[in-house]
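Structure record follows, encoded as structure tokens.
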Amino acid sequence: MRYTVRAMVDRLFKTGQFEFIHKKRDAKGDVVFENCYSGENRQLLGMLSYIDQVDRFNHKICKENGREPESTDGRIALFRRFLYFDNFYSAREPVIVCEGKTDNVYLRCAIRNLAARYPELIDQGSNPPKFKVRFFKYAETRTGHITDLTGGVGGICKLLKNYHEDVHDWFKACRYTHLLPNFYAHRPEPLAARASGVSACRRLGAMPPDDPL
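So the sequence shown is numbered by my numbering: it starts at 23 and just counts up by one.
Following this line, the structure appears as structure tokens:
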């Protein structure tokens with residue numbers, strides 16, 4: 023299963039899609055039936071999460087029995103890249119990543135109040151008004167720990183560094199128009215100083231240069 027999932031993730035990174043292939047063989051081993059159908063990202067997320075749970079259980083058993091557990095660094099890195107791809111690279115709308123967990127609430131209220139000035143951020147014609155951007159939600163879950171995104175400047179700096187490397191080295195699929203997340207922080211200077219390619223903007227936030235709000 024592990025090799026199959028790795029191959030699916032690799033194909034997703036390169037083409038933006040992957041397939042499930044089911045084959046039925048006869049007693050001689052010849053393929054008598056083959057069925058292919060496109061997979062969805064949430065299915066890969068489920069399989070990667072299952073593998074992660076198995077590895078964590080095996081790690082616990084090894085520790086309890088005084089054995090050295092096998093390294094899972096490569097598998098965790100693959101899981102992280104998939105989460106970056108799914109949440110940011112393949113996003114169909116701009117993604118806003120805030121420093122704090124509650125900043126999303128304040129930004130949502132501000133955008134609603136200033137909707138007339140920023141029609142590119144929210145659609146007033148719908149009822150209720152629909153945001154044209156997506157707010158990244160921090161979660162105290164395993165996926166949050168895999169990505170190091172649990173709130174705070176440190177996690178955002180790691181995201182900026184790893185995301186840049188992943189886009190350059192791993193992600194080859196075609197991207198949508200909105201391909202970079204925007205970052206907002208109370209103190210943007212640490213982001214601008216520690217993350218390559220990011221500059222502070224009027225002390226209101228940090229975002230990739232030449233990609234203003």
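Note that CB positions come from ideal geometry on N, CA and C, so glycine has one too.
All values reported here derive from a predicted model rather than from experimental measurement.
Worksheet entry | Meets three-Cβ-pair contact criterion under 8 Å: the segment 150-166 and the segment 117-133 | Between the segment 150-166 and the segment 117-133 there are three or more C-beta pairs closer than 8 Å, enough to call the two in contact.
Practice prompt. Would you give the residue range spanned by the beta strand (DSSP E) that Phe55 belongs to?
Written response: Start and end: Val53 to Ser60.
Discussion item. Can you tell me whether Tyr128 is buried or exposed? The criterion is at least 16 other CB atoms within 10 Å of its CB, across all chains shown.
Written reply: Counting C-beta atoms within 10 angstroms of its own C-beta, Tyr128 has fewer than 16 neighbours from the protein chains shown and is therefore classed as exposed.
Worksheet item: Would you say Phe42 and Leu34 are within 9 Å of each other, going by their C-beta atoms?
Response: In this structure, Leu34 does not lie closer than 9 Å to Phe42 by Cβ.
Fill in: Terminal residues of the beta strand (DSSP E) in which Lys50 lies
That residue, Lys50, is in no beta strand (DSSP E); it is neither H nor E in DSSP.
Worksheet item: Which residue comes first and which comes last in the beta strand (DSSP E) that contains Cys120?
Response: Val117 to Cys120 is the extent of the beta strand (DSSP E) around Cys120.
Worksheet item: How is Phe193 classed by DSSP in three states: helix, strand or coil?
Response: DSSP places Phe193 in coil when its eight states are reduced to three.
Worksheet entry | Segment contact, 8 Å Cβ cut-off, at least three pairs: the segment 176-196 with the segment 98-114 | Three or more beta-carbon pairs drawn from the segment 176-196 and the segment 98-114 are found closer than 8 Å, and the two stretches are therefore classed as touching.
Worksheet item: Do the segment 93-107 and the segment 67-77 touch if we need at least three Cβ pairs shorter than 8 Å?
Response: The segment 93-107 vs the segment 67-77: in contact.
Discussion item. Just to confirm the assignment, what range does the alpha helix (DSSP H) spanning Leu136 have?
Written reply: Here Leu136 belongs to no alpha helix (DSSP H), and DSSP marks it neither H nor E.
Item to complete: Would you tell me roughly how many angstroms separate the C-alpha atoms of Asp145 and Lys152, rounded to the nearest one?
Response: Distance between the alpha carbons of Asp145 and Lys152 is about 5 Å.
Item to complete: Consult DSSP for Asp74 and reduce its assignment to one of helix, strand or coil.
Response: For Asp74, the three-state secondary structure derived from DSSP is helix.
Practice prompt. Could you have a look at Ala214 and say whether DSSP puts it in helix, strand or coil?
Written response: With a pLDDT of 48 at Ala214, under the threshold of 50, the predicted position of this residue should be treated as unreliable, and no value is reported.
Worksheet item: Apart from the five residues just before and just after Val53, which ones in its own chain have a Cβ nearer than 6 Å to its Cβ?
Response: Apart from the 5 residues on each side of it in sequence, Val53 sits with its Cβ closer than 6 Å to the Cβ of Lys45 and Arg47 in its chain, given in chain order.
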